[in-house]
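Read through the structure below, which is laid out as structure tokens, and then see the notes.
Residue numbers (our numbering), protein chains in the order written: chain A, 451 to 564; chain B, 23 to 134.
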């Protein structure tokens, strides 16, 4: 079945350093890929989505490229801030069937030190 | 603007007792609706989705059921709670199957 595997956390960085959270997926379909961010006690918020292969999504300084050949969708940010501390989820939307299924990775907890 | 409201904010319930959680979306007609469960420190598990009033599909049951009595309302329920039902329950909506999902603030459930 479909699956999403992402960097296991927690990831601890100092402010101003770069971030990469790896995300790999498995599916036989043609998914839309998402990155969500979740702050403590809240529901997840969409960072961005990328519906097509070889396209890039970006928001708030975060970006990721949908690499169909490598089945990857790694999240990157050049310079993290303390306010980026949160849990980041890579997700796969299986839209080629009748099911409205979205599969989330296990999440990566990012802790940015001031 | 669309708003999504979940109730209650938090619940503490006894094992074996019934449960009803609610979700309302305002400002969007005929949304697709979803229920998710999140264990403490865990990922999001999709439970149910609904694309129209009266129609609900199960993804993972976990001894729970869902109903959509109105276009803007989604209910999650069970007659007998288990300890394993503890966690964070999230309602979400989307415009269509390929669109991003927007999540509500969640309900924290503790089963003792």
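Using N, Cα and C, we set each Cβ at its ideal position, and we do this for glycine too.
- Query: Is residue 105(B) helix, strand or coil by DSSP?
  - Reply: helix
Q. When you compare only the Cα positions, how much space is there between residue 462(A) and residue 538(A)?
A. 13 Å
Around the Cβ of residue 489(A), are there at least 16 other Cβ atoms within 10 angstroms (buried) or fewer (exposed)? exposed
Problem - Classification of residue 499(A) by the beta-carbon crowding that lies within 10 angstroms, buried from 16 upward - result: buried
Taking a contact to mean a Cβ-Cβ separation below 9 Å, would you say residue 68(B) touches residue 110(B) in this structure? no
- Which residues, in chain order, does the segment 549-563 of chain A contribute to contact with chain B at a C-beta distance below 9 Å? 549, 550, 551, 552, 553, 554, 555, 556, 557, 559
Kindly indicate which residue of 491(A), 512(A), 551(A) has the alpha-carbon position closest to the one of residue 454(A). Considering only alpha carbons, the answer is 551(A).
Point to revise | Status (buried if at least 16 other CB within 10 Å, exposed otherwise) for residue 475(A) | key: buried
- Item | Interface flag, residue 484(A) vs chain B, CB-CB below 9 Å | yes
Check: What in chain A is Cβ-close to residue 122(B), meaning under 7 Å?
Finding: 484, 496, 499
Which class does residue 42(B) belong to by DSSP, given the choice of helix, strand or coil?
In the three-state reduction of the DSSP assignment, residue 42(B) falls in the strand class, which pools E and B.
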